[in-house]
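Trainee: Quick note on the working numbering: the sequence shown kicks off at 9 and runs consecutively. We put the beta carbon where it would ideally sit given N, CA and C, even for glycine. Input: one structure, supplied below.
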Amino acid sequence: MNSIATILIISFLFFLFYVTKFLFTSELLTKKIAGSRARLTFGLFLLLYGVNQMVYKFDFITICVGVVFILFGAANLYRGYLQNKHYKAIENKQTV
């Protein structure tokens, strides 16, 4: 198994972890942080899936689909990072 597939599987497992944490948490701020981390890991999963598609099968349709996955993955990764940064700052203000 190559390194892209390994990171792909690990990122999907982290996504599942944060989604279950999101679903079973009742506190609002913790729920928002878990949701932002789930978005971040899902973005990483989509981005790596697009790269994996483009590396192993070099066809026009596959490259188009891979580019779409990379764009959606990068957007989710960026948005999840911004949300996580925002909610962690709020959490740090509350604990001080």
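Assuming MET62 and THR70 make a contact with CB atoms under 8 Å, what is their CB distance in whole Å?
Mentor: Correct: roughly 7 Å between the Cβ atoms.
Trainee: Measuring alpha carbon to alpha carbon, tell me which of ASN92, GLY51, ALA97 and TYR64 ends up nearest ALA82.
Mentor: Here the closest residue by C-alpha is GLY51.
Trainee: Should LEU85 be labelled buried (16 or more other beta-carbon atoms within 10 Å of its own) or exposed?
Mentor: Buried, by the Cβ-count rule.
Trainee: Measure the alpha-carbon distance for GLN102 versus ASN60 and round it to whole angstroms.
Mentor: 41 Å
Trainee: Which class does LYS101 belong to by DSSP, given the choice of helix, strand or coil?
Mentor: Note: LYS101 maps to helix in three-state DSSP.
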